[in-house]
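J.: Sharing a structure here in structure tokens format.
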């Protein structure tokens, strides 16, 4: 066994005690994290405005710190971007992770000198957990590749801004950099189609043993690789490939396709990273569910999804969660986010250890390919297209089309028109242009030829009425879902396509 593999095994044994504490004392670790955050937060403008010096326990905290969305936090973010110090966290903000926004456009999530450790160390701990549980270190014998955003960062108001994956790329340990693929210049190529071709050229003769990334992006790389090499499957190209690290979207729709395209069974390691912080990762192999990270600068709160938005919604800490309840995740972190709603929902499978699954988003959304499309965006697109073309839409819904017989995957829009556009093609282009302008993830996927532009299916005028009637939700306060991350509504409408 080589030195790096032997060292990794020894280090994983060293961290086994910490992993055991996660399983047995997660609540205690969360309480300690809470105390540390409050103590440091007292030195900030936010802490002074919210009486942190008087907060003695979690109940005091809830009374003084209301829940916030990004839009509520934006005035504080603007102060940070303007150069003010100690606004949300006493230590320096060193980056802003730029991500898709809602009503406020792009979001700028602060990353501090303290919180960057969460993003870096969590990935390392996920791999060490894998080694500790499986005793498999073969992936360290070859090259490692995480397909990520560009590491080339932009400077805005004296701050470096970019995609989180690009920021993290700058903090890969030196001893791993010589194993890292692709090279910096290739990784900085802005057009995905060109980038994946360059990655293929650079990597097809390498001994790749680990690959990580969002499933649809990795799948496109694999397809390009097989065209280049004229091999039947990935295992014929990378004979020692043994581990796939994935996250960002549900792997379920891709699992069978990946097994076929790879050509052999390899280990899977699921992670739950977010721009706001690294939340959980897989701790058993195989296993359903991810272990929550209780001691890396984030204090978690949870609100039952069914109660979210209600005046007296129950707001609880990890100590009081129950299994099989859908919760909205609220975080408080050493990035300076307080009572912050990341809009994800999770459900706990067990409490000893605290193991969860990501169940979705509290709002309607589509993220089958990592695009995070929300209702405001599709509704705004419809309004824009109708306004520009004089079209009248009775109702509509949007769904992902992953297996598109006519081309690349895409978003499929089912629209019932009262007054049709003169050109359905022009109407669709306005929709797609609007979506790309409002959502950088969607734009990246279309520009990168991972998705093709949206397609429209015209349906009968009574289609949505009949659909709502069929599910017992016609009338009253029930609304047609304008988007779903599955095809339950879309498939029900296929009989009404014109």
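Numbering (my numbering), first residue to last: 146 to 643. Quick reminder that beta carbons are idealized off the backbone N, C-alpha and C, glycines included.
Is it right to say residue 316 is buried, meaning 16 or more other beta carbons lie within 10 angstroms of its own, or is it exposed?
T.: exposed
J.: Using 8 Å as the Cβ pair cut-off and three pairs as the minimum, do the segment 157-176 and the segment 475-488 touch?
T.: no
J.: For residue 192, count neighbouring Cβ atoms within 10 angstroms of its own Cβ and tell me buried if that reaches 16, exposed if not.
T.: buried
J.: May I ask which residues mark the beginning and end of the beta strand (DSSP E) holding residue 435?
T.: 435-437
J.: Would you call the CB atoms of residue 286 and residue 147 closer than 8 Å?
T.: yes
J.: Select from 526, 497, 296 and 547 the residue whose C-alpha is nearest the C-alpha of residue 577.
T.: 526
J.: Just to confirm the assignment, what range does the alpha helix (DSSP H) spanning residue 380 have?
T.: 379-382
J.: Count the other CB atoms, across all protein chains shown, that sit within 10 Å of the CB of residue 360; report buried if there are 16 or more and exposed otherwise.
T.: Label assigned to residue 360: buried.
J.: Is it right to say residue 329 is buried, meaning 16 or more other beta carbons lie within 10 angstroms of its own, or is it exposed?
T.: exposed
J.: If we count Cβ pairs, one from each stretch, closer than 8 Å, do we get three or more for the segment 442-453 versus the segment 521-535?
T.: With a cut-off of 8 Å on Cβ pairs, the segment 442-453 is not in contact with the segment 521-535, counting fewer than three such pairs.
J.: Assess, as a yes-or-no matter, whether the segment 201-217 is touched by the segment 270-287 under the definition of 3 or more beta carbon pairs within less than 8 Å.
T.: No, they do not touch.
J.: What number of angstroms, rounded off, separates the C-alpha of residue 545 from the C-alpha of residue 507?
T.: 18 Å
J.: When DSSP builds the beta bridges, which residues end up paired with residue 306?
T.: 241 and 299
J.: Are the segment 589-605 and the segment 553-565 touching, with three or more C-beta to C-beta distances below 8 Å?
T.: yes
J.: Determine contact between the segment 360-377 and the segment 324-342, defined as no fewer than three beta-carbon pairs at a distance below 8 Å.
T.: Taking a contact to require three or more Cβ pairs closer than 8 Å, the segment 360-377 and the segment 324-342 qualify as touching.
J.: Please list the segments of the alpha helix (DSSP H) lying wholly inside the segment 456-508, counting only runs of 4 or more residues, in order along the chain.
T.: none
J.: Taking 8 Å as the threshold, find out whether the segment 213-232 comes into contact with the segment 262-280 through three or more Cβ pairs.
T.: no
J.: Once DSSP output is grouped into helix, strand and coil, what is the label at residue 563?
T.: Residue state for residue 563 is assigned as strand, using DSSP reduced to three classes.
J.: Would you report the Cα separation of residue 571 and residue 197, rounded to the nearest angstrom?
T.: 55 Å
J.: Should residue 358 and residue 430 be called a contact, given that it needs their Cβ atoms to be closer than 8 Å?
T.: no
J.: Please determine whether the Cβ atom of residue 466 lies at a distance below 7 Å from any heavy atom of the ligand NAD.
T.: Judged by which ligands are present, the structure shown has none, so any question about the ligand NAD falls away.
J.: Does DSSP put residue 152 in a helix, a strand or coil?
T.: helix
J.: On the three-pair Cβ rule with 8 Å, is the segment 410-422 touching the segment 460-471?
T.: no
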